[in-house]
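Data block below; observations after.
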Amino acid sequence: MKFTIIGAGNGGQSMAAHLALLGYEISLYDIQDSLIESINEKGGIKVEGVIHGFAPLKATTDLEIAMQDTDIVMITTTGTAHKAVARSIAPYLQDEQVILILPGYWGALEFRNVFNQIGMSKKVYVSETESLIYTCRYIEPGHVRIRKIKESLEFSALPASDSVIVKERLKEVYPQLVMAGSVLVTTLNNCNPVFHVPITLLNAGRIESNEEFFFYPEGATPSVVNVMEEVDKERLNIGRQLGVELTPALDLLRRFYQVEGDTLYEGIQRNLAYQTGKAPTTLNYRYIYEDIPYGLHPMVKLGEKLRVNMTCSNLLIDMASYLMKENLRAGALDLSDLGLAEMSSVEMVEYLRGEKNRR
């Protein structure tokens, strides 16, 4: 079985190394020439942490080569690139291929919307996970550290009726994948925006002063976690309005990392996988430029459509816009980008589950 991995960042390089060491054929693609050259100069990727070894592989900036004769297409780019990736891979797709987006960031909906717009008619299975399966960082091109591989991770296809096919194709390499009810569950269970945005904004002074600190154990103080919990309540209320059961943030930590704790603060502090991750040294970072326009903003728009109070999430978006002196809502992912703008809540759920064709 051949895997094509689109995106050679933290997750992409970690995944490529892991799968190559398991014996699978890998094609790693990225648009950054210097990054791909560095990986190829080393002849592959060194991995340390919960996995040790050197994975020989070849990376490429040629998408046609990367997509040739592949079975599984893994998307590990940031959410900001999803629309462009969907358009770029469409000419090379073949019937029966699986596309898995890690993590979703509304990606399955966005991919399907793009494919519908351009008339891509191949029978492919588009799916997404609620989180990246690896807790990882790349130290330098061709050298990654994997601190944790999540032991239980929900995913869904769009439509959800395709999930059983995706599960069957990936069960040997990722047996921990668990089928969720729909991509609304996986997308709304992506807690990166819930965690990253409050910690980043409320530690802006420390970040801009170049103070070195650990992002979660030191950045997520009790008062910061209070804000995270308010955003999480808004997220869970969206699920209630849709009749979709979402998982509270603390329970996600328990499932992903087997942490113990009675509160979200305790869960974060006791999570061993969070102990060594350093905070960014600039606000010009994906915790703002991915997690707001491709995380909080579409969540707010969906919540407002369902008449859910989104006060805290809106406040964080406004605060970030003031800090960065730009309108972070402009050009952000909207319900029209997901094909949901004209649907009622009932129609959304039916469409996502595969019970109703898109109009």
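Residue numbering for the sequence shown is -8 to 350, as defined by this note's numbering. Glycine residues also receive a C-beta, built at the ideal position from the N, C-alpha and C atoms.
May I ask you to report which of helix, strand or coil DSSP gives residue 204? The answer is coil: DSSP assigns residue 204 none of H, G, I, E or B.
From 5, 17, 42, 279, residue whose alpha carbon lies closest to that of residue -7: Out of 5, 17, 42, 279, 17 has the C-alpha closest to the C-alpha of residue -7.
Could you round the C-beta distance between residue 41 and residue 139 to whole angstroms and report it? I think they count as a contact, below 8 Å. Right, the Cβ-Cβ distance comes to about 6 Å (below 8 Å), so this counts as a contact.
Suppose you measure from the CA of residue 320 to the CA of residue 308; what does that come to, to the nearest Å? Here the alpha carbons of residue 308 and residue 320 stand approximately 8 Å from one another.
Taking all protein chains shown into account, do 16 or more other C-beta atoms lie within 10 angstroms of the C-beta of residue 103, making it buried, or fewer, making it exposed? Buried is the call here.
Could you name each continuous alpha helix (DSSP H) segment of 4 residues or more that falls completely within the stretch 94 to 151, going from the start of the chain to the end? Taken in chain order, the whole alpha helix (DSSP H) runs of length 4 or more contained in the stretch 94 to 151 are 98 to 109.
Taking the alpha-carbon positions, what's the residue 342 to residue 15 distance? Approximately 34 Å, taken between the alpha carbons.
Between 101, 153, 148, 116, which has its C-alpha nearest residue 325's C-alpha? Among 101, 153, 148, 116, the Cα nearest to that of residue 325 is on 101.
Taking the continuous alpha helix (DSSP H) assigned at residue 6, which residues delimit it? Under the DSSP assignment, residue 6 falls in the alpha helix (DSSP H) whose first and last residues are 1 to 12.
How big is the Cα-Cα spacing for residue 180 and residue 294? When the Cα atoms are used, residue 180 and residue 294 turn out to be separated by approximately 14 Å.
Among 243, 30, 195, which one has its Cα closest to the Cα of residue 7? Considering only alpha carbons, the answer is 30.
Thinking just about the alpha-carbon of each residue, which of 135, 237, 263 is nearest to the one in residue 3? Between residue 3 and the set 135, 237, 263, the nearest pair of CA atoms involves 135.
How would you call residue 337, buried or exposed, if buried means at least 16 neighbouring beta carbons within 10 angstroms? Exposed is the call here.
Proximity test, residue 249 beta-carbon vs the ligand ATP heavy atom, cut-off 8 Å: Here there are no bound small molecules, and the ligand ATP is not part of this structure.
Going by DSSP in three states, residue 65 sits in which element: helix, strand or coil? Here residue 65 sits in strand by DSSP.
Which residue spans inside the stretch 173 to 249 form an unbroken alpha helix (DSSP H) run of at least 4? Under the rule that a run must span 4 or more residues, the alpha helix (DSSP H) segments found entirely inside the stretch 173 to 249 read 174 to 179, 183 to 193, 195 to 199, 206 to 210, 213 to 233, 240 to 248.
Counting along the chain, where does the alpha helix (DSSP H) carrying residue 304 start and finish? Taken as a continuous stretch (DSSP letters only), the alpha helix (DSSP H) holding residue 304 covers 302 to 315.
If you compare alpha carbons, which of 175, 178, 215, 186 is closest to residue 193? The candidate whose alpha carbon is nearest that of residue 193 is 215.
How would you label residue 350, buried or exposed, when you count the other beta carbons within 10 angstroms and need 16 or more for buried? No answer about residue 350 holds up, because its pLDDT of 39 lies below 50 and its placement is not dependable.
Are residue 129 and residue 1 closer than 9 Å when you measure CB to CB? It is a contact, given that the beta carbons lie within the stated cut-off.
In this structure, how does DSSP classify residue 337 when only helix, strand and coil are distinguished? The answer is helix: DSSP assigns residue 337 an H, G or I state.
C-alpha gap between residue -4 and residue 113, whole angstroms: Cα-Cα distance, rounded: 20 Å.
Residue 353 by DSSP, collapsed to three states: which one? Residue 353 is absent from the structure shown; the chain starts at -8 and stops at 350.
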